[in-house]
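Here's the structure we're looking at; comments come further down.
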Amino acid sequence: MADTAPLWAVVLLPFALVAAAAVVAGLDAVLTAAAERGRGGRPLRAAPAPLRTGLRLLGGQPRRTTAGDPWLGRIGIALVPVAAVLAGAVLPWGFRAVTDPVVGVVWFNAMEALAWAAVWLAGWGPNSALSLIGGYRFLAQGLAYELPHMFAITTAALGAESLRVGEVVAAQRGLWFAVWMPAAFAVFLLSALAMAFWGPFDHPLGRDAAGGAAAEHAGVDRLVLLAGRWLLLVVTAGFSVPLFLGGGHGPWLPAWAWTLLKTAAVLGLLVAGRRLLPTLRMERYLEFAWTVLVPLTLLQALVVAVVVLNR
Amino acid sequence: MLDDVVFWALAGPAVAAAVMVFRFASMARATYALLASLLCVGGLVVRLGLDYLGVVVVLMMTIEMALMGVFMVMFMMNPAGLMPMSMLHNRRGAAVISGGVFVLLAAGVLLTPWPRRRGEPAADPTKALGESLMGPHMLTMMTLGLALFATIVATVVLATRRGRYDRFGDDLRARRAGDRGDGGDGGARVRGGAGP
Amino acid sequence: MTLELFLLAAAALFCIGLFGALTQQSIVMLMMGLELMLGGVILAAAAVWHFVAPAATDGQVLVVLAVTVMAVEMAVGFAVVTALFRTREADMTDEAAELKE
Amino acid sequence: MGLRDVLLRIGAGHPAVLLACLPGATETRLAVEAGLRRRGWPVAASPAAASALVVVGAAGAADEEWVEGLWRQIPSPKARSAVAGAYDVEAALDTLVRPAAAPVPGDGGEHSADHDGPGGHADQGGHRDHDGHDDHDGHGGDDGHGGHGGHDDHDDHDGHGGHDGRDGHDDHGGHGDHGEHHGHGGVVAGLPMAGRADDRDGLRLDRLHLPLGPGLADWPAGLVLDVALQGDVVQHAGVRPLPPPAPGGLPYWDEPWLRAARGAHVPRGTAARRRCAAHLDSAARLLAVSGWPDPAARARRLRDAVLGGAPAREWSAELGRLVRRVRRSRVLRGLTAGLGALPAAGARRFGVTGPALAADGDAYDRLLVWLDDAVRCAAEADDDRPLRPYDRDGPRGRLGGPRAPSDALLDALPELLRGAEFASARVIVASLDPDLDEVGAVVRG
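Residue numbers (my numbering), protein chains in the order written: chain A, 4 to 314; chain B, 3 to 198; chain C, 103 to 203; chain D, -10 to 434.
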């Protein structure tokens, strides 16, 4: 069912992801402006704010810190968007992905883990206490979300009896996985936020630690790190579509339009839902993740396994 | 041809990064050099047709090394290598031993008449692996499972100093852990102060 | 791409790891040596599977085993270091040896 | 270069502003925050994120140093201006985006924006510049534990501002080795190495001493805490003694009560509005530090509406919605409950009065007391009867005693902070929200 896209898709992918990231960031800016200025403050005019910030950072100077390890830090920063794009390579547009390896689901997870390690590097590089605290926070966060996240992904793969993303989509021709694996879907959405260290999981870049892992990065470094974060959000949210929302399946519209619509809906839900929650601190969230989410996802996987065996 | 290029492009950095692990004076660099080396190993494994295991190696090693970095920084005598450090002992003996082992292994590798390739890989090696782990190699799988479980228990016992009695009171009746205010490991509330 | 080349690379990784494990004083660094050695084992097992017996799954199972051992070794290693650190500020192998006395 | 100029021009129209708030300038800060909000300019959380610095209030000699430290750490191109009073906020903010005709060296004082273009004075703060990692090559990796090594870039009091925004210029290549190993006795690159000490978890990890504040976002203006961190656990915290207060006006939040005590005619509505706004300001800080920017922004907008004199019916409904929303959040309760528990008995011991005493509990309880009090005050906001001169209950506690209410809050801080993680420590400070304007100022009325 899933074909590999033509070569030009490889070139197009990063640009498409960046464009999507810019739109999502713009939506977030509008909602932020609405909270700050109220309806009378014309929040829609804030939409291009992330782009202007990006251009400002592009023109700004990077900076150095005393006795830092700038190159290690930069490797970390660069790895964030690179990992996002590599993970995005297995995202099917309609029914076509840039590449659809046999172990696409595991590949996606591995790339996310790479971004996880990268943020620590970005926090370590500048040799500054607050920035390192930010880096450590993301590691702690990973310990909390990674396990339920893996189980959620595994559950979807289990339901399709395949690790190939294309086959996971194909298995949802009739019924979306989100319908009969609601717990896995919900956990995946949570961990999509956590993975992009955004929203209620933005503690690694928390304002309370002066920006955490990003506290010391300026100019292009900062732009790459923050843009990489939006890319990660787009990619992880986008991955919930083939995993749980039936990918390109849907009536009337072409497959790519359905993918776009569903991705936009998930992203809109996440960006709007962020307003409802304060930042989750891991020393509190970890207990919840391990005592509630892990058993929940395991149960979900068990249910799915039983269904799969009996059909 | 392409295979050869890919092999050298992965094996070369793997060995080079492995050497750098013990040459860097900075914990972070050493850890991430090790990660780079093991990622290359993962790439080679994928190249050998074991997609699943290769990607799993990438995934697991990334997570492991990221955690390792933290422990490094926590526990090393000279955590960041701000000063040039040399924490070696019996360097010469080790060089002789490992050099000798390498010569032996290399000789074995080169001199052994390796058998011809027998059979073809299964259409889906991942599935074959799964079926053998759940079939003929069930015992291995069970042993691994038990070992992992024992590890979880043992490491927690070793690493933590406080048990549930410390957290929930002597009769375990407390509804909330006494250290809740400090997250998972708040000795301050328990012992009422800093440090022993 | 031949079996010998893969095995030589694996042997190189193994021996570099061995050197590290033998020389490093810090327990954590020692574990890094062990990880490298296991990396070599993984590579060798995968190569033998591919070039010698791709029909059987034993090579793959060996890789799974090595990956698990790495995880276990890491976890136990850090737990031991933490425990040692708690009892006495010791994170070096020599100091740990003194603790026995 | 042409493209870069275009980028700079676009970026300059949308600066991220770092606020350097000085004690005694609360009213100015509110005006600046409102001005920034109107323009939609983001408030930066760290110098690296900023492209402009706004000094809020009149800088005394003691403040000069850290303000300059912040300025040095902002990457160029950057602009700067100072706001002395609420009246000239707009003009000062305008100067941030107006291209300077010529680079003005140094701080031109009030109103003058200092545009430090890439060709500007290259020697500023760059003497300790490390040339990337080139000069460290011989040592394999000097990155390091200096992260634990006593250097926090935001609070760069000791002036080792090795941050230089201009590494595009090789001005310092020749003496790029300034920071190399000054002796190996535990000082690296001019930074002391962390030493080990006992800690909360019995692990004797490295301990790092660093000052928190005064340049942090959502932080009480003028407060500096000297903390010892192990990992991100605060092992010890002390309030750095404050410089003597500048003579001058009354502390903004306490003004109505103090003026009434002096016999001036102050309507009760004014006092109620001031108290309501003070609580909203504190709550906004706590919410922002807890990572909930949405209601924090709403609280700030409400605060300005309350102070702006709009009739209560225009904003009380929205205040009610905000309070309900915060009260309903079980997540917020789960995250802040148990932090900085200060039971009434303990509070009395420190002499704490006001909301912190009434809360008789943790950070979450204090937030609820603020919010409820704000709602109560909203009902009196349009009361024109005069404030009774013996009514001395200011927003942070009882005025007129020998010590200001915030003095007691500051006394309580160190004990509450010990053993808290960094994020929890921020929440605890925000939940007490001491107002340094009143400390040492003339509060006896």
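Beta carbons: idealized from backbone N, C-alpha and C, even for Gly.
Since the model is a prediction, treat every value here as computed from it, not as a measurement.
Ends of the beta strand (DSSP E) at L7 of chain D? 6 to 10 is the span of the beta strand (DSSP E), which, as asked, contains L7 of chain D.
Between D:L360, D:P391, D:L421, D:G343, which lies nearest to P403 of chain D when the distance is taken from Cα to Cα? Closest by alpha carbon: D:L421.
Within chain A, partners of I201 of chain B - CB distance below 9 Å: Residue 201 of chain B lies beyond the residue range present for chain B, which begins at 3 and ends at 198; the question has no answer from this structure.
Q303 of chain A lies in the alpha helix (DSSP H); which residues open and close that run? Counting along the chain, the alpha helix (DSSP H) containing Q303 of chain A begins and ends at 297 to 313.
What separation, rounded to the nearest whole angstrom, lies between the Cα atoms of D31 of chain A and A197 of chain A? Rounded to whole angstroms, D31 of chain A to A197 of chain A spans 17 Å at the Cα level.
Closer than 9 Å by beta-carbon distance: list the chain A residues that pair up with V295 of chain D, in chain order. The premise fails here: V295 of chain D is roughly 14 Å from chain A at the closest Cβ pair, so nothing lies under 9 Å.
Give the interface partners of D6 of chain B over in chain C, defined as CB-CB distance under 8 Å, in chain order. Chain C residues near D6 of chain B: M103.
Take A33 of chain D and list the residues in its own chain whose beta-carbon comes closer than 7 Å to its own, dropping the five residues that flank it on each side. Once the five neighbours on either side are set aside, the close Cβ partners of A33 of chain D are A5, V6, L7, A39.
Tell me which residues of the segment 54 to 78 of chain D have at least one Cβ-Cβ distance to chain A shorter than 9 Å, keeping chain order. Shown in chain order are the members of the segment 54 to 78 of chain D whose Cβ falls below 9 Å from a Cβ of chain A: Q62, I63, P64, S65, P66, K67.
Close Cβ partners of M285 of chain A (< 7 Å) along its chain, the five nearest in sequence each way excluded: In its chain, beyond the 5 residues on either side, R140, A143, Q144, A147, H206 have a beta carbon closer than 7 Å to the beta carbon of M285 of chain A.
Express the C-alpha separation of L145 of chain C and V171 of chain C in angstroms, rounding to a whole number. The C-alpha of L145 of chain C is placed about 15 Å away from the C-alpha of V171 of chain C.
Members of the segment 59 to 89 of chain A that neighbour chain D once the beta carbon cut-off is set at 7 Å: If the cut-off is 7 Å between Cβ atoms, the segment 59 to 89 of chain A has R59, L61, G62, G63, Q64, P65, R66, R67, T68, T69, A70, G71, D72, P73, W74, L75 near chain D.
What are the partner residues of W96 of chain A, as DSSP defines its beta bridges? Looking at the DSSP output, W96 of chain A sits in a beta bridge with A:R99.
3 or more residues per run - each beta strand (DSSP E) lying fully within the segment 129 to 185 of chain A: List check, beta strand (DSSP E) in window: nothing returned.
Let's test the definition: count the other Cβ atoms within 10 Å of the Cβ of G250 of chain A and tell me whether it reaches 16, buried, or not, exposed. It is buried - the Cβ of G250 of chain A has at least 16 other Cβ atoms within 10 Å.
Pair within 8 Å by beta-carbon distance, A181 of chain A and L248 of chain A: If you check the CB distance, A181 of chain A and L248 of chain A come in under 8 Å.
Starting from the beta carbon of D139 of chain A, find every residue of chain D whose beta carbon is closer than 8 Å, and list them in chain order. First, the amino acid is wrong: residue 139 of chain A is Tyr here, not Asp. Near Y139 of chain A (Cβ distances below 8 Å), the residues of chain D are G220, D221.
So, does the CB of E219 of chain A fall closer than 8 Å to a CB anywhere in chain B? The C-beta of E219 of chain A comes no closer than 8 Å to any C-beta of chain B.
Contact residues within the segment 109 to 130 of chain C, judged by C-beta distance below 9 Å to chain B: Going along the segment 109 to 130 of chain C in chain order, one finds L109, L110, A111, A112, A113, A114, L115, F116, C117, I118, G119, L120, F121, G122, A123, L124, T125, Q126, Q127, S128, I129, V130 with a Cβ nearer than 9 Å to chain B.
Alpha carbon of T159 of chain C to alpha carbon of A109 of chain B, nearest angstrom: So the alpha carbons of these two residues sit roughly 27 Å apart.
On the criterion of 16 or more Cβ atoms from any shown chain inside 10 Å, does D300 of chain D qualify as buried, or is it exposed? For the sequence presented, residue 300 of chain D should be read as Pro rather than Asp. Exposed, because fewer than 16 other Cβ atoms sit within 10 Å of the Cβ of P300 of chain D.
Proximity winner among A:P254, A:T239, A:A216, A:V237, relative to L228 of chain A (alpha-carbon distances): The residue from A:P254, A:T239, A:A216, A:V237 with its alpha-carbon nearest to that of L228 of chain A is A:A216.
Tell me which residue opens and which closes the beta strand (DSSP E) that G227 of chain D is part of. Per DSSP, G227 of chain D belongs to the beta strand (DSSP E) from 222 to 228.
With the cut-off set at 8 Å, would you say A374 of chain A and T157 of chain A are in Cβ contact? Because chain A here runs from 4 to 314, residue 374 of chain A falls outside it and cannot be looked at.
Taking contact to mean 3 or more Cβ pairs, one atom from each stretch, closer than 8 Å, check whether the segment 314 to 330 of chain D and the segment 66 to 76 of chain A are in contact. Counting Cβ pairs under 8 Å, fewer than three are found: no touch.
If you follow the alpha helix (DSSP H) that S271 of chain D is in, where does it begin and where does it stop? 257 to 278 is the extent of the alpha helix (DSSP H) around S271 of chain D.
Suppose you measure from the CA of A174 of chain A to the CA of R118 of chain B; what does that come to, to the nearest Å? When rounded, the separation of the alpha-carbon atoms in A174 of chain A and R118 of chain B is 40 Å.
Where does A34 of chain D fall in DSSP's three states? Reduced to three states, the DSSP call for A34 of chain D is coil.
Any residues in the segment 115 to 134 of chain A with a beta carbon nearer than 8 Å to a beta carbon of chain B? Which ones, in chain order? For the segment 115 to 134 of chain A, which is checked against every Cβ of chain B, the residues closer than 8 Å are A116, L117, W119, A120, W123, L124, W127.
Run the CB neighbour count on Y54 of chain B, radius 10 Å, all protein chains shown included, and call it buried at 16 or more, exposed below. The residue is buried, with at least 16 neighbouring Cβ atoms inside 10 Å.
State the start and end residues of the unbroken alpha helix (DSSP H) segment that holds L273 of chain A. Segment 258 to 276, the alpha helix (DSSP H) holding L273 of chain A.
Taking 8 Å as the threshold, find out whether the segment 263 to 281 of chain D comes into contact with the segment 26 to 42 of chain A through three or more Cβ pairs. The answer is no - the segment 26 to 42 of chain A does not touch the segment 263 to 281 of chain D, with fewer than three Cβ pairs under 8 Å.
Alpha carbon of L246 of chain A to alpha carbon of A199 of chain A, nearest angstrom: The alpha-carbon separation between L246 of chain A and A199 of chain A amounts to approximately 18 Å.
Which residues in the same chain as R188 of chain C place their Cβ atom closer than 8 Å to its Cβ, once the five residues preceding and following it in sequence are excluded? Only residues of its own chain outside the window of five on either side were considered, and among them none has a CB closer than 8 Å to the CB of R188 of chain C.
Buried or exposed (CB count within 10 angstroms, at least 16 for buried), P92 of chain D: Confidence is the limiting factor: at P92 of chain D the pLDDT is only 42, short of 50, which leaves the residue's position unreliable, though a coordinate-based value still follows. With fewer than 16 other CB atoms across the displayed protein chains lying within 10 angstroms of its CB, P92 of chain D is exposed.
Per-residue contacts from T128 of chain B into chain A (C-beta, under 8 Å): Here the neighbours are V105, V106, L166.
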